[in-house]
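Here the structure is laid out as structure tokens; the discussion comes afterwards.
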Amino acid sequence: MQDLTSPSRPSPGVWLAFMVLVFVSSIVVLRPTGDEAATATPSISPAPSASAVASPSPPSRPADKIKQALDAQAEALVVGDLPGWLAPVDPKLHARYTTLFHNMRAIEVKIVKQRMDREPSAQGASLRVPIKLAYCFSGVRCAQWHDSVYQGAPKLSYLLTWTPRGGSWVITGIGRTGLPNHLQPAPWENDVMAVVKGKRVIVSAPAATAKHIKRILPLAEKAAVVADRYAGYTGGLQDRYRVYIADGKAWKTWYTGDRPAWSIAYYLPLNVTGNGDILLRAGEVMPENDRYVTEILQHEFAHAVTMDAAIDTDEHQWLVEGIAEYIGMLPAKPQNTYSADVLRRAQRQRGALKTIAVEPLDDDSDDLTVDALYATGHLAVGCLTAQYGEPQMLAFINRVMRSGEDLDPAARAAFGKPFKTVDKECVNWIKKRV
Numbered sequence: 001m002q003d004l005t006s007p008s009r010p011s012p013g014v015w016l017a018f019m020v021l022v023f024v025s026s027i028v029v030l031r032p033t034g035d036e037a038a039t040a041t042p043s044i045s046p047a048p049s050a051s052a053v054a055s056p057s058p059p060s061r062p063a064d065k066i067k068q069a070l071d072a073q074a075e076a077l078v079v080g081d082l083p084g085w086l087a088p089v090d091p092k093l094h095a096r097y098t099t100l101f102h103n104m105r106a107i108e109v110k111i112v113k114q115r116m117d118r119e120p121s122a123q124g125a126s127l128r129v130p131i132k133l134a135y136c137f138s139g140v141r142c143a144q145w146h147d148s149v150y151q152g153a154p155k156l157s158y159l160l161t162w163t164p165r166g167g168s169w170v171i172t173g174i175g176r177t178g179l180p181n182h183l184q185p186a187p188w189e190n191d192v193m194a195v196v197k198g199k200r201v202i203v204s205a206p207a208a209t210a211k212h213i214k215r216i217l218p219l220a221e222k223a224a225v226v227a228d229r230y231a232g233y234t235g236g237l238q239d240r241y242r243v244y245i246a247d248g249k250a251w252k253t254w255y256t257g258d259r260p261a262w263s264i265a266y267y268l269p270l271n272v273t274g275n276g277d278i279l280l281r282a283g284e285v286m287p288e289n290d291r292y293v294t295e296i297l298q299h300e301f302a303h304a305v306t307m308d309a310a311i312d313t314d315e316h317q318w319l320v321e322g323i324a325e326y327i328g329m330l331p332a333k334p335q336n337t338y339s340a341d342v343l344r345r346a347q348r349q350r351g352a353l354k355t356i357a358v359e360p361l362d363d364d365s366d367d368l369t370v371d372a373l374y375a376t377g378h379l380a381v382g383c384l385t386a387q388y389g390e391p392q393m394l395a396f397i398n399r400v401m402r403s404g405e406d407l408d409p410a411a412r413a414a415f416g417k418p419f420k421t422v423d424k425e426c427v428n429w430i431k432k433r434v
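With the first letter of the sequence shown counted as 1, position 308 gets the number 308 in the working numbering; the numbers rise by one all the way through.
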């Protein structure tokens, strides 16, 4: 499922995009210790039994040997052992595997698990093996293994070709399985990436857009400070915000590339890890001034701290985008932003606002409909804040967006009134300001 994030600013007249997928899985909390790897008990899969550790038997079947090689390779990636990571890989594939190794290490991968999807199938003397590589980055909740790419830890899916050589099995081919995976290709999966780390943000880009990192990082660090303030209320504090700067080609391919033509940025949750990636479309974002870029970053970071990927919020898109616009345009008050101008235009063309809970967008929504949803949500959150205070507004947000409550019980709990009453109050509040 997909949500569209942030309507067109007066310039350049394009919107941001937000994508969130629903996941349900058991989780464990991982916390980093200093600058070293986060610890996990348990990790993606349970530890082997004591007997298995004490008395390992040498594998005899090809499938067992391949499983052993995959396990050793995953461990090598976690501990930073490049030779170990490359040990089962044919030299012709070393460049690709080395790129993946350095990229994942740079953006702080902490847990990796590789598993075969099914038993190998013969292709001449070689074996074809579909696998999944599950991963978690620093400071996230890393879920137990799940075969589905939509549940458990985020995963990469590959079809590997293994060829026997000197008593071992070697990876001589790597490709996609042909099955859909919303998390592929990842920004860091194939291209050599430049990576720069700040206190709260990691910014990464391929060679074509690496020149923008120097500008984006300080703006992102400032945006993180704003978003962090709200994470204290929502419980969505991020260990790191990860930002990727896409050129035109990357924008059309990263994470399937399935974005509306007018989108310029989006936030994608990495399953139920409590963390996600922010992608920027360099050609649309970078020509703009710093204030505009900061709004985009604060908006996307707001999604990171207010959303819970396990909760379906499609029905409440006005609220999802409203709180992101509210945080995104701080310190400006909603009625003093272009959101008020949008609602004036919508009122002239389509009549007076009747409810703050406007219908979600669809693929056929026109520009004004999209603009009006974001603007209505923005001023609605402004109204809730003005009428009841920011803590109660955020309590309402939490109940709907992080606990999955319907609007009416959430309003009664947060505001002491039915949502119908709150809705009417905010419609009147907005009308007085537009």
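No residue lacks a Cβ here, since even glycine has one placed at the ideal position from N, Cα and C.
Select from the options the residue whose C-alpha is nearest the C-alpha of residue i.
{"i": "Arg435", "options": "Gln298, Ser121, Asp81, Val243", "result": "Not covered by the structure: residue 435. The range shown for the chain is 1 to 434."}
{"i": "Glu295", "options": "Ile66, Thr273, Thr337", "result": "Thr337"}
{"i": "Asp247", "options": "Ala224, Ala210, Trp262", "result": "Ala210"}
{"i": "Trp262", "options": "Asp366, Gln335, Ala357, Gly178", "result": "Asp366"}
{"i": "Leu280", "options": "Asn271, Val272, Gln298, Ser148", "result": "Gln298"}
{"i": "Thr355", "options": "Asp362, Asp363, Asp364, Leu343", "result": "Leu343"}
{"i": "Val79", "options": "Val109, Gly166, Lys249, Gly351", "result": "Val109"}
{"i": "Pro120", "options": "Asn398, Ser148, Arg61", "result": "Arg61"}
{"i": "Asp341", "options": "Met307, Lys214, Ala372", "result": "Ala372"}
{"i": "Ala143", "options": "Val112, Val129, Arg165, Ile131", "result": "Val112"}
{"i": "Leu70", "options": "Tyr374, Met116, Pro83", "result": "Met116"}
{"i": "Ser403", "options": "Met307, Trp188, Val285", "result": "Met307"}
{"i": "Val243", "options": "Val226, Tyr230, Asn271, Phe301", "result": "Phe301"}
{"i": "Pro493", "options": "Asn271, Ala63, Asp363, Ile264", "result": "Only positions 1 to 434 of the chain appear in this structure, which leaves residue 493 out of reach."}
Might you give, ordered along the chain, the residues of its own chain that have their beta carbon closer than 7 Å to the beta carbon of residue i, omitting 5 neighbours on each side?
{"i": "Val422", "result": "Ala411, Phe415"}
{"i": "Asp90", "result": "Val170, Ile171, Thr172"}
{"i": "Gln440", "result": "As displayed, the chain neither begins before 1 nor continues past 434, which places residue 440 out of reach and without an answer."}
{"i": "Gly377", "result": "Trp318, Leu319, Glu321, Gly322, Glu325"}
{"i": "Pro360", "result": "Asp314, Glu315, Gln317"}
{"i": "Ala282", "result": "Thr209, His212, Ile245, Ala246, Asp247"}
{"i": "Pro185", "result": "Thr253, Trp254"}
{"i": "Trp188", "result": "Asn103, Met104, Ile107, Ser204"}
With H, G and I counted as helix, E and B as strand and the rest as coil, what does DSSP make of residue i?
{"i": "Arg200", "result": "coil"}
{"i": "Met104", "result": "helix"}
{"i": "Ile245", "result": "strand"}
{"i": "Arg240", "result": "coil"}
{"i": "Val89", "result": "strand"}
{"i": "Gln144", "result": "coil"}
{"i": "Tyr150", "result": "coil"}
{"i": "Met116", "result": "strand"}
{"i": "Ser263", "result": "strand"}
{"i": "Leu268", "result": "strand"}
{"i": "Leu330", "result": "coil"}
{"i": "Val78", "result": "helix"}
{"i": "Asp363", "result": "coil"}
{"i": "Leu407", "result": "helix"}
{"i": "Asp258", "result": "coil"}
{"i": "Leu21", "result": "Here the model assigns Leu21 a pLDDT of 35, short of 50, so the residue's position is not dependable and the matter cannot be decided."}
{"i": "Arg399", "result": "helix"}
{"i": "Ile356", "result": "coil"}
{"i": "Gly348", "result": "Checking the sequence, you will find Arg at residue 348 rather than Gly. Three-state result, Arg348: helix."}
{"i": "Thr421", "result": "helix"}
{"i": "Ser339", "result": "helix"}
{"i": "Val434", "result": "coil"}
{"i": "Thr98", "result": "helix"}
For residue i, list the residues DSSP reports as bridge partners.
{"i": "Phe137", "result": "Val109"}
{"i": "Lys155", "result": "Ala134"}
{"i": "Leu127", "result": "Ala122, Trp162"}
Within a Cβ cutoff of 6 Å, which residues of the same chain sit near residue i, ignoring the five residues on either side of it in sequence?
{"i": "Thr163", "result": "Ser126, Val170, Thr172"}
{"i": "Cys426", "result": "Ile356, Ala380, Cys383"}
{"i": "Val192", "result": "Thr99"}
{"i": "Phe419", "result": "Leu407, Asp408, Ala411"}
{"i": "Asn398", "result": "Thr234"}
{"i": "Val22", "result": "Residue placement at Val22 is flagged as unreliable, the pLDDT there being 33, under the threshold of 50; the coordinate-derived value follows with that caveat. Correct list, in chain order: Asp312."}
{"i": "Leu217", "result": "Val196, Gly198, Val203"}
{"i": "Lys477", "result": "Here the chain covers residues 1 to 434 and nothing more, so residue 477 does not appear."}
Under the criterion of a Cβ to heavy atom distance below 7 Å, does residue i qualify as lining the ligand HEM?
{"i": "Leu343", "result": "In terms of ligand content, the structure shown is empty, and the ligand HEM therefore cannot be addressed."}
Compare the C-beta of residue i against all C-beta atoms of chain D and say whether one is closer than 8 Å.
{"i": "Lys197", "result": "The chain inventory of the structure shown lacks chain D, comprising one protein chain alone."}
Taking 8 Å as the limit between beta carbons, can you name the residues of its chain near residue i, skipping five residues before and five after?
{"i": "Arg437", "result": "Outside the displayed span of the chain (1 to 434) sits residue 437, for which this structure offers no information."}
{"i": "Gly257", "result": "Trp251"}
{"i": "Leu219", "result": "Asp290, Val293, Thr294, Leu297"}
{"i": "Ala352", "result": "Lys431"}
Query - In chain order, each beta strand (DSSP E) run of at least 3 residues that lies wholly inside the stretch 274-325 - result: 276-281
Requested in this report: Any chance you could list the beta strand (DSSP E) runs of at least 3 consecutive residues sitting entirely within the stretch 156-224, in chain order?
Outcome: The stretch 156-224 contains these whole beta strand (DSSP E) runs: 168-175, 193-197, 201-206.
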